[in-house]
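>
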Amino acid sequence: MSLAGKRVLVVEDEMLVAMNIEDTLTELGAIVVGPAMRLDTALDLAEREEFDLAMLDVNIHGGRSYPVATLLKSRGVPFIFATGYGHAADVDEFSDIATLAKPFRGTDLEHALCNALRSSSRP
1 MSLAGKRVLV VEDEMLVAMN IEDTLTELGA IVVGPAMRLD TALDLAEREE FDLAMLDVNI
61 HGGRSYPVAT LLKSRGVPFI FATGYGHAAD VDEFSDIATL AKPFRGTDLE HALCNALRSS
121 SRP
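Counting from 1, one number per residue, gives the positions in the sequence shown under UniProt numbering.
1) My guess is that valine 10 and valine 32 are in contact by the Cβ rule of under 8 Å, so how many angstroms apart are they, rounded?
2) List the DSSP bridge partners of methionine 55.
3) Flag this pair as touching only if the region 42 to 50 and the region 20 to 27 have three or more C-beta atom pairs under 8 Å; answer yes or no.
4) Check for me: the alpha helix (DSSP H) holding proline 67 runs from which residue to which?
5) Roughly how many angstroms separate the alpha carbons of alanine 42 and alanine 54, rounded to a whole number?
6) Using DSSP's beta-bridge definition, name the partner residues of leucine 16.
7) Hey, alanine 101 and isoleucine 80 are a contact pair by Cβ (cut 8 Å); roughly how many whole angstroms apart?
8) Taking buried to mean at least 16 other C-beta atoms within 10 Å of its own C-beta, is aspartate 13 buried or exposed?
9) Run through the DSSP bridge pairs and tell me what isoleucine 60 is partnered with.
10) If we count the other Cβ atoms within 10 Å of its Cβ and call it buried at 16 or more, is leucine 16 buried or exposed?
11) In this structure, does DSSP put glycine 29 in helix, strand or coil?
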């Protein structure tokens, strides 16, 4: 499976991390939507934009990205979490969602996103 041509929503509040993720995804041929660095921006993008999958930083400026995850789930969009603070399993609704531990390598991001896409019903 490839990310080439896939539109990926990136929700990440750390500028350097967001730029690194964007570079990695672009190198893989993906089209980056965002990155959204604030929860309100992420919710807006998740509601109105079309994309194939998403990567959500769990902690966004002191808040959580769970409202975005809930919206994505309702739209049937596969996603993964990324966090430096442990798994997002503390919320039962998301216990089955893959979580990348920060820091991660580009290949880890690629594999996690491909696995999320593969396990979804999206082509």
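Idealized CB from N, CA, C, for every residue including glycine.
Result, derived from the coordinates:
1) The count along the sequence shown starts at 1 and reaches residue 10 at position 10. The count along the sequence shown starts at 1 and reaches residue 32 at position 32. About 6 Å; that satisfies the 8 Å criterion.
2) In the sequence shown, counting from the first residue as 1, residue 55 sits at position 55. The partner list for methionine 55 (beta bridge, DSSP) reads Val10, Ile80.
3) no
4) Within the sequence shown, numbered from 1, the residue matching residue 67 stands at position 67. Counting along the chain, the alpha helix (DSSP H) containing proline 67 begins and ends at 66 to 75.
5) As a position in the sequence shown, residue 42 is number 42, starting the count at 1. As a position in the sequence shown, residue 54 is number 54, starting the count at 1. Approximately 11 Å, taken between the alpha carbons.
6) Counting from 1 along the sequence shown, the entry for residue 16 is found at position 16. Paired residues: none, contrary to the question.
7) Along the sequence shown, one-based indexing puts residue 101 at 101. Along the sequence shown, one-based indexing puts residue 80 at 80. The beta-carbon distance between alanine 101 and isoleucine 80, rounded to whole angstroms, is 11 Å. This is too long to meet the 8 Å contact definition.
8) Counting from one through the sequence shown, the residue named residue 13 turns up at place 13. Buried.
9) Translated into positions along the sequence shown, residue 60 becomes position 60. Beta-bridge pairing links isoleucine 60 to Gly63.
10) Here residue 16 refers to the residue found at position 16 when the sequence shown is read from its first residue. Classification for leucine 16: exposed.
11) What you label residue 29 is simply residue 29 of the sequence shown in a count that begins at 1. Note: glycine 29 maps to coil in three-state DSSP.
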